[in-house]
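Residue numbers (my numbering): 1 to 418.
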């Protein structure tokens, strides 16, 4: 009798979210074998994104228990029937967005939302209505965006898996699977930023800083960062340890200015290292609006603006600070279903436009390898987005750091201090 070589269920550790806003628990779970057109991945590292926070707080699709996480890097452990182009041992990133490479949308230059593998926010099960995860009692666990990377193993549709060069550092490939890819892609693919143009970026978190890198890569001459600049001293220190060059601040100037001002000097220097040329803090403009300041700074408004926060009023400001007749606003921030954006119709009439950008307009299988090569060639410098690295068992600390504004991206390693 021939030996049965088909994949078997795997027992492993995962961080399980059992209730909205509650600490995650590290549990032993069972990960089923991949079904047809699926790949089971051994997750090497994953990272925490604000989207995970949104689902954890149950602002979107509140279903529990579930395994969160959607930004990751791993190695193919096994493949299901009919999977072509992948084999055990391949280095890959799973993505929340699919690309079948065959449908009309995949063939189009104007869309990155695959018809065959539609983007899924809820209800926390795979497209066939089943799960690939069970807890120790055999109860089903919901997933997130058909990825669920806060687990040592996961199962992902073949159309949501991208093969990457094994020479690419795992944490950089991980970042490209969501946040960094979204930001760079928004400038490169969605806005198509032109050389010599002016740009304003609202929100200098990890996605916003990735937009900065994308705009710099495209040749923008003026990149204005807009942020309320909360106390992120620890983030500044973490970035400083990564050899980013800070503008010098003398002992005399430290004594002459407040601690907060010194922190702002450090953060501004860090942001400049990414490519920010100018900085605006809306809370320090007295009676002037951020729109007035940016329009004055640029002699009529920026060519491109990017909203990376998900706040309707900020989306309006981002729109109004663009140039009459040609300004383009790209919305990246994840808001609530009930949010509505107010835009002055006359200003729309005069040639300005607004567009949303899912995953920065990237087609995952086509563009992630391109960006990975740009990282390897030093055309993109994304390393400093990683401010912390922890083991999966410390995932709740990673949540706290992000919630307190003390981290950009925290990489969670599956084998760190295991």
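Idealized CB from N, CA, C, for every residue including glycine. Given the structure is predicted, the values throughout are model-derived calculations rather than measurements.
On the DSSP letters alone, give me the boundaries of the alpha helix (DSSP H) that residue 412 sits inside. Unbroken run through residue 412 is the beta strand (DSSP E), 409-413; no alpha helix (DSSP H).
Tell me whether the segment 17-24 and the segment 117-127 touch, counting them as touching only if at least three CB pairs, one residue from each stretch, are closer than 8 Å. no
Mapping the DSSP letters down to three states, classify residue 105 as helix, strand or coil. helix
By how many angstroms is the C-alpha of residue 110 removed from the C-alpha of residue 35? 32 Å
By Cβ distance below 7 Å, which residues in the same chain neighbour residue 76 in space, the five residues on each side in sequence not counted? 39, 41, 86, 87, 88, 89, 90, 92
Cutoff 8 Å; reference residue 477; Cβ partners in own chain excluding five residues on either side: Any answer about residue 477 is impossible in this case: the structure gives the chain only from 1 up to 418.
So residue 206 and residue 220 are in contact, right, with Cβ under 8 Å, and what is the actual spacing, rounded? That belief does not hold up - the Cβ atoms of residue 206 and residue 220 are roughly 19 Å apart, past 8 Å.
Do you know offhand how far residue 24's Cα is from residue 394's? Between residue 24 and residue 394, the C-alpha separation is close to 10 Å.
With contact counted as at least three CB pairs below 8 Å, one residue from each stretch, are the segment 198-218 and the segment 180-187 in contact? As far as the Cβ criterion goes, the segment 198-218 touches the segment 180-187, which means the pair count is three or higher.
What runs of the beta strand (DSSP E), each 3 residues or longer, lie entirely inside the segment 263-313? DSSP runs (the beta strand (DSSP E)) wholly in the segment 263-313: 278-280, 304-307.
Exposed unless 16 or more other CB atoms sit within 10 angstroms - verdict on residue 349: Only exposed fits residue 349, as fewer than 16 other CB atoms lie within 10 angstroms of its CB.
Simplified DSSP state of residue 82, which is helix, strand or coil: coil
Minimum C-alpha distance to residue 152 - residue among 108, 31, 107, 334: Of the candidates 108, 31, 107, 334, the one whose C-alpha sits nearest the C-alpha of residue 152 is 31.
Residues of its chain near residue 277, where Cβ-Cβ distance is below 6 Å and the 5 sequence neighbours each way are ignored: Its chain contains 222, 223 as the residues whose beta carbon lies nearer than 6 Å to that of residue 277, once the 5 sequence neighbours on both sides are disregarded; these appear in chain order.
Any contact between the segment 334-352 and the segment 292-312? By contact I mean 3 or more CB pairs, one from each, below 8 Å. yes
Let me know the secondary structure DSSP gives residue 356 once reduced to three states. strand
Roughly how many angstroms lie between the CA atoms of residue 15 and residue 37, to the nearest whole one? Residue 15 and residue 37 have their alpha carbons spaced roughly 26 Å apart.
Give the DSSP-derived three-state secondary structure of residue 13 in the structure shown. strand
By the 10 Å Cβ neighbour count, where 16 or more other Cβ atoms means buried, how is residue 11 classified, buried or exposed? exposed
Given this structure, state the Cα-to-Cα distance separating residue 402 from residue 226, to the nearest angstrom. The alpha-carbon separation between residue 402 and residue 226 amounts to approximately 19 Å.
Rounding to the nearest angstrom, what Cα-Cα distance links residue 139 and residue 158 in this structure? 25 Å
If you compare alpha carbons, which of 176, 51, 81 is closest to residue 74? 176
Helix or strand or just coil, what does DSSP make of residue 53? helix
How would you write the range of the alpha helix (DSSP H) that residue 400 sits in, first residue to last? 395-403
DSSP on residue 147, reduced to helix/strand/coil? coil
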